[in-house]
Amino acid sequence: MKIKDFVDKAKNYIFLGGLLIAITSGVILYADLPKQITQIKADHQETEKTVSTLESTMTEYMAVQKVVQESAEKREQMIFELIKEIRKE
Numbered sequence: 002m003k004i005k006d007f008v009d010k011a012k013n014y015i016f017l018g019g020l021l022i023a024i025t026s027g028v029i030l031y032a033d034l035p036k037q038i039t040q041i042k043a044d045h046q047e048t049e050k051t052v053s054t055l056e057s058t059m060t061e062y063m064a065v066q067k068v069v070q071e072s073a074e075k076r077e078q079m080i081f082e083l084i085k086e087i088r089k090e
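Heads up: take any position in the sequence shown, counting from 1, add 1, and you land on our numbering.
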């Protein structure tokens, strides 16, 4: 009987110890939650800034590309006109 009582108490203590570990882990994770939420918000804001920067850079690139294209077309046209004049002479 004494051994059986001892085993039953040991099982109860083991169960309570496991329950205590689980509760402690939950409390630690819950306590860290606001910090994680703040970090996620900061990461999100940083991502939005990066996307905005990339969009403006792409817009600038497209504008420069258009100017370069127009300049190349004008240069090509001028060369063509120059060749026509040289052939006339």
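In this text, a Cβ means the ideal position worked out from N, Cα and C, and glycines have one as well.
Euclidean distance between Cα positions of residue i and residue j
i, j, result
"residue 52", "residue 46", "10 Å"
"residue 69", "residue 63", "10 Å"
"residue 13", "residue 38", "37 Å"
"residue 66", "residue 78", "18 Å"
"residue 88", "residue 61", "41 Å"
"residue 75", "residue 81", "10 Å"
"residue 83", "residue 73", "15 Å"
Residue interval of the alpha helix (DSSP H) (run including residue i)
i, result
"residue 71", "3 to 89"
Distance cut-off 6 Å: residue i Cβ against heavy atoms of the ligand MG
i, result
"residue 43", "This structure lacks the ligand MG, and indeed carries no ligand of any kind."
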